[in-house]
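Trainee:
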Ligand SMILES: Cc1cc2nc3c(=O)[nH]c(=O)nc-3n(C[C@H](O)[C@H](O)[C@H](O)COP(=O)(O)O)c2cc1C
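Numbering (our numbering), first residue to last: 778 to 851.
Following this line, the structure appears as structure tokens:
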């Protein structure tokens with residue numbers, strides 16, 4: 778079965794809430810949920826999945842949410 782993951786970064790919790798709802802919809806067997814702040818270790822982790830969903834809010838002048846900054850350069 779194809780496996781998917783949601784990786785999200787969330788400063789005030791809005792993206793986390795949406796990511797959690799999507800995760801609940803697909804269920805734990807089909808979908809893993811990663812907080813970029815608490816769970817993310819390396820981009821290699823992402824390559825284990827067939828499908829990826831990224832959750833990233835926008836801050837400042839259209840900049841990515843803080844927890845995505847370093848991973849984006851990876
Ligand atoms: C100080 C501040 C700056 C923001 N800058 C942007 C922005 O540049 N572009 C945008 O689309 N939204 C911007 N937003 C809106 C946030 O991206 C939005 O509230 C988002 O849902 C926050 O998600 P999070 O709590 O998961 O991080 C800004 C919000 C705040 C409070």
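Even glycine gets a Cβ: it sits at the ideal position worked out from N, Cα and C.
#1: Rounded to whole angstroms, how far is the Cβ of residue 786 from the Cβ of residue 845, which I believe are closer than 8 Å?
#2: Just reading off the alpha helix (DSSP H) that residue 849 is part of, what are its end residues?
#3: Buried or exposed: which applies to residue 813, given that a residue is buried once 16 or more other Cβ atoms fall within 10 Å of its Cβ?
#4: Would you list the residues sitting across from residue 781 in a DSSP beta bridge?
#5: Please report the distance separating the alpha-carbon of residue 839 from that of residue 826.
Mentor: Once the coordinates are examined:
#1: 5 Å
#2: Per DSSP, residue 849 belongs to the alpha helix (DSSP H) from 846 to 850.
#3: buried
#4: 808, 828.
#5: 28 Å
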